[in-house]
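So the numbering used here is basically just the index in the sequence shown, starting at one, shifted up by 12.
All C-beta atoms in this analysis are idealised placements derived from N, C-alpha and C, irrespective of residue type, glycine included.
It should be emphasised that the depicted structure is a prediction, and the values quoted were computed from it without experimental measurement.
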Amino acid sequence: MKTRSHVAPGALVLAVVVLTLAVATAAEAKDRKKKPGADPYADYVWPPPPDKPRIKLEAVIAGRADVEGESKLAKALIGVSPKTPWDDLHKPFAVAFDPQGRILVTDSGSGALLRFDLAARKVDALGTSGAQPLRQPLGLDVGPDGTAYVADVGQAKVLALDPEGKLLAVYGQPGELVNPTDAALSPDGKRLFVADSKANRVVIFDAASGTRLGDFGKAGAGPGEFSFPTSLAFGPEGDLFVVDQLNCRVQVLSADGEFRDQFGGQGTGVGKFVRPKDVAVDEEGLIYVTDTAFNNVQIFAPDFLPLTFVGSGGETPGRFLGASGVGVSGDRFAVVDQLGHRLQVFRFVVSKTAQ
């Protein structure tokens, strides 16, 4: 069940003012000399002091070294660590968490699905070999069994990979997809929904057989119509959230494509969008939407009331150069910083719905 959250207008305005100031927090101006082992991101919180923090930055990941560290043996033997094409993020696009809490990131620049296990301090590159390796992976979804459904625009297909990177299924025969940019597995696991951006539609496949079942949507600005739909996510009640990018909105549809609601709209105010990119919905019904023009992620209540946002343009931690994918798991959410070639992980330090 969704938790409805209501905030008085005055409180919302105050929160927006405070959070606007967060883009230039004292954390960026302070001397950052830390004791060994100290949290390097302890000062990156939203809202900034003296207000009580609600969200903190937990990790910034630009590649393998940020998770595994440098190989001491390799350094001792050859002076540098051996490199692979997947050691650094080149052009990361989307992010999702698997059931074990590991972070999966598509990298269209290296043609890989990277898995970051922060607890085990391990990084794996999936989908880089075999009969049908990834070519230009964009959006993805992860099923309850750990299967990753990756939209590969370079092949005009969606590839399903098991947790070891083995190819399980391919969705999209020649001519069935034009420009797949994201995929979302239905809550019952029976259907796979694919955002076909240039065709302005959502295509549905049988998850088990790969058979194309149909599609919905057409070019336009009316209810249920799209102008470059880029991202999909299912909410806890089975609604399908679609980022309708060039219409600057998020549409909420039934799994059969029936229009139910929408929010956003073009503008520079809180709750508006200029270039929305990705959407994720958590188990409490909170909605996370990235915007590459604002370089932030806005968080909305289940009734679409804007609650807060994190980020602005810049290179320092907590800022973005092209905010792209967003994924959520429990009290953590991760945002892809595409042109910054990195991933940033955030955590709620208080209840998400606390006033």
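Determine the burial state of R354: buried for a count of at least 16 other Cβ atoms within 10 Å of its Cβ, exposed for fewer. buried
Using DSSP with H/G/I as helix, E/B as strand and the rest coil, what is D227? strand
Cutting at 7 Å between CB atoms, please list the residues of its own chain near L189, excluding the five before and the five after it. A168, K169, V206, D208 and V215
Short of 6 Å in beta carbon distance, which residues of its chain neighbour Q263, apart from the five on each side in sequence? Order them along the chain. V254, D256 and Q274
Sort R66, A106, V117 and V135 by Cα distance to A77 and report the nearest one. V135
Note down the Cα distance separating V291 from G222, rounded to an integer number of angstroms. 25 Å
Tell me the residue span of the alpha helix (DSSP H) that contains D153. Segment P149 to V154 is the beta strand (DSSP E) holding D153; no alpha helix (DSSP H) there.
Taking the CB atoms as reference points, tell me whether P241 and G297 lie closer together than 7 Å. no
Given a cut-off of 7 Å on the beta-carbon distance, is the pair V12 and N191 in contact? Nothing can be reported for residue 12: it is not among the residues displayed for the chain, which extend from 13 to 367.
Are the beta-carbon atoms belonging to A108 and L152 less than 7 Å from one another? yes
Please return the same chain residues whose Cβ sits closer than 7 Å to the Cβ of F316, not counting the five positions on each side in sequence. F275
Reduced DSSP category for E80 - H, G, I as helix; E, B as strand; rest coil: helix
Residue burial classification, A124 (beta-carbon count within 10 angstroms, cutoff 16): buried
Which two residues bound the contiguous beta strand (DSSP E) that contains E237? Element bounds for E237: n/a, residue is neither H nor E.
Tell me whether the beta-carbon of V286 lies closer than 7 Å to the beta-carbon of A305. yes
Among L351, S363, R331 and T365, which one has its Cα closest to the Cα of V357? R331
Taking the DSSP output, what are the residues bridged to D194? A207
Could you check where the beta strand (DSSP E) with R261 kicks off and where it finishes? R261 to L265
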